[in-house]
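What follows is one structure encoded as structure tokens, with my remarks underneath.
There are 2 protein chains.
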Amino acid sequence: MQYPAPIAKLINSFTKLPGIGAKSAARHAFYVLDMNEADVLEFAQNLINAKRDLTHCSICGNITDSDPCIVCTDESRDRSQVLVVEDTRDVMSMERMQEFRGLYHVLGGVLSPMEGTGPEDLNIPSLIKRLEDETIKEVIIATNATAEGEATAMYLSRLIKPAGIKVTRLAHGLSVGSDIEYADEMTLFRAIEGRREL
Amino acid sequence: MQYPAPIAKLINSFTKLPGIGAKSAARHAFYVLDMNEADVLEFAQNLINAKRDLTHCSICGNITDSDPCIVCTDESRDRSQVLVVEDTRDVMSMERMQEFRGLYHVLGGVLSPMEGTGPEDLNIPSLIKRLEDETIKEVIIATNATAEGEATAMYLSRLIKPAGIKVTRLAHGLSVGSDIEYADEMTLFRAIEGRREL
């Protein structure tokens with residue numbers, strides 16, 4: 001005996017999501033059966049709307065429902081700084097901090113020879129094009145502290161520096177509130193390396 | 001800065017699923033943006049179809065796309081045994097075993113005074129009605145080995161036994177392949193209590 005087709009198909013759809021195995025997918029599918037119909041319709045509509053109405057900003061590559069996005073069109077922001085991140089969620093994290101008032105550039109990934117991701121697969125050409133604009137004085141590279149993130153940062157730095165634009169990288173070190181005892185070696189090494197005079 | 005409305009709404013829909021927090025919901029929503037449009041439309045359609053096309057079998061309470069369900073209408077099954085489970089997924093687990101050839105009855109939950117679930121909230125009246133049929137000789141209670149599952153089993157047993165129908169409960173003990181060293185006290189107690197002569 002198999003699950004009835006409608007639920008089997010829904011379970012299959014859920015298993016396509018990242019980190020959802022067969023058991024979680026079944027749990028979600030049965031949960032949907034217990035939801036009221038209006039909520040299920042809304043869920044379905046939200047899936048379709050998100051896919052249809054969202055696009056990437058033609059300037060910074062961020063996800064947006066209006067092109068150019070609200071950051072790129074915000075005249076109150078500092079147009080001399082561009083913070084380069086891997087994806088949209090990183091922009092959201094930066095914005096939550098409420099301290100950075102410059103612009104963003106979303107790469108849409110990192111360079112990864114293993115996965116066959118080269119510079120042409122990322123929003124690097126559009127970044128270079130933006131830099132031709134003389135208002136940009138500093139590019140802050142905020143890729144993650146992974147091997148690929150570091151390699152991407154190095155690549156961008158070599159590409160941008162010759163144009164006479166300042167290139168910086170986010171500081172790496174101990175998290176605020178963390179315990180030295182539990183810090184990994186790489187983090188400690190970066191914390192020592194990046195030490196500042198008091 | 002907030003997420004654009006279409007993605008914020010989709011994240012919100014995902015957070016309604018069991019065990020999905022804000023971070024996982026965002027991860028799923030962004031994953032949906034990267035899926036191809038046909039897959040997203042299929043996902044949305046599967047949600048709607050599962051909600052609209054599935055119903056509960058009027059005999060056993062199991063989820064089905066045809067009423068009565070394929071188990072209840074299967075003439076090859078043993079109509080003298082009814083296995084009582086908490087929900088549809090338990091039926092699927094039993095069917096995977098491929099050894100039980102009787103019928104099922106899905107309660108749709110367990111008695112829980114804490115959550116205000118009484119006998120009238122479960123498919124207990126329909127079970128009693130089925131038992132009036134003289135072909136049923138044994139009711140096997142397969143509620144989970146939780147406090148509520150046990151209480152439900154006791155309640156059903158007291159309700160059914162006076163009608164002269166045999167009431168049994170699944171055996172509890174050590175899982176096959178498990179290590180006694182790691183078994184919890186209750187499981188060991190049940191294993192001792194339910195020991196069989198070799």
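Chains as they are written, first to last, in the UniProt record's numbering: chain A, 1 to 198; chain B, 1 to 198. Every residue gets a Cβ at the ideal spot worked out from N, C-alpha and C, and that includes glycine.
Discussion item. Taking the straight line between their C-alpha atoms, what separation do you get for B/A145 and B/I192?
Written reply: Rounded to whole angstroms, B/A145 to B/I192 spans 16 Å at the Cα level.
Worksheet item: Are there 16 or more other CB atoms within 10 angstroms of the CB of B/E86, so buried, or fewer, so exposed?
Response: Answer is buried; the Cβ neighbour count reaches 16.
Worksheet entry | Distance, B/E185 Cα to B/K51 Cα | CA-CA distance, B/K51 to B/E185, rounds to 42 Å.
Item to complete: Measure the Cβ-Cβ separation of B/N123 and B/G102 and say whether it is below 8 Å.
Response: Judged by their CB atoms, B/N123 and B/G102 are not nearer to each other than the 8 Å cut-off.
Worksheet item: Does any C-beta atom of chain A lie closer than 8 Å to the C-beta of B/S41?
Response: The sequence given here places Leu at residue 41 of chain B; Ser does not occur at that position. Chain A, which has a Cβ nearer than 8 Å to the Cβ of B/L41, makes this yes.
Worksheet item: If we count the other Cβ atoms within 10 Å of its Cβ and call it buried at 16 or more, is A/T73 buried or exposed?
Response: Answer is exposed; the Cβ neighbour count stays below 16.
Worksheet item: Sorted by chain position, which residues of the same chain lie with C-beta nearer than 6 Å to A/S157's C-beta, five sequence neighbours on each side aside?
Response: Excluding residues within five positions, the ones whose Cβ falls inside 6 Å are V167.
Worksheet entry | Top-ranked residue by Cα proximity to A/I160, from A/V84, A/T117 and A/F30 | Considering only alpha carbons, the answer is A/V84.
Practice prompt. Work out the CA separation of A/G19 and A/S126 for me, nearest whole Å.
Written response: Distance between the alpha carbons of A/S126 and A/G19 is about 32 Å.
Practice prompt. Report yes if the CB atom of B/S13 is closer than 8 Å to the CB atom of A/E42, and no otherwise.
Written response: Yes, the pair counts as a contact, with Cβ atoms nearer than the cut-off.
Item to complete: Would you tell me roughly how many angstroms separate the C-alpha atoms of B/L174 and B/T88, rounded to the nearest one?
Response: Answer to the nearest angstrom: the Cα atoms are 24 Å apart.
Discussion item. 8 Å is my cut-off, CB to CB: does A/T88 come that close to chain B?
Written reply: Yes - at least one Cβ of chain B is within 8 Å of the one on A/T88.
Worksheet entry | chain B within 8 Å of residue 255 of chain A, Cβ atoms only | Residue 255 of chain A lies beyond the range of chain A shown here (1 to 198); nothing can be said about it.
Discussion item. Residues of chain B with CB closer than 7 Å to the CB of A/M92, please, in chain order.
Written reply: Here the neighbours are Y3.
Fill in: Neighbouring residues, chain B, relative to A/L63 (Cβ below 7 Å)
The identity of residue 63 of chain A in the sequence shown is Ile, whereas the question assumes Leu. Per Cβ cutoff of 7 Å: P4, I7 and L33.
Item to complete: Compare the Cα-Cα distances from B/F100 to each of B/S112, B/D78 and B/L111 and report the closest residue.
Response: Cα-wise, what sits closest to B/F100 is B/D78.
Practice prompt. Give the straight-line distance between the Cα atoms of A/A29 and B/V91, rounded to the nearest whole angstrom.
Written response: Rounded to the nearest whole angstrom, the C-alpha separation of A/A29 and B/V91 is 16 Å.
Item to complete: Quick one: give me the first and last residue of the beta strand (DSSP E) that B/E181 is part of.
Response: B/E181 -> no beta strand (DSSP E), and no H or E assigned at all.
Worksheet item: Under the criterion of a Cβ to heavy atom distance below 7 Å, does B/R196 qualify as lining the ligand FMN?
Response: Absence of the ligand FMN is noted for the structure shown, with no ligands found whatsoever.
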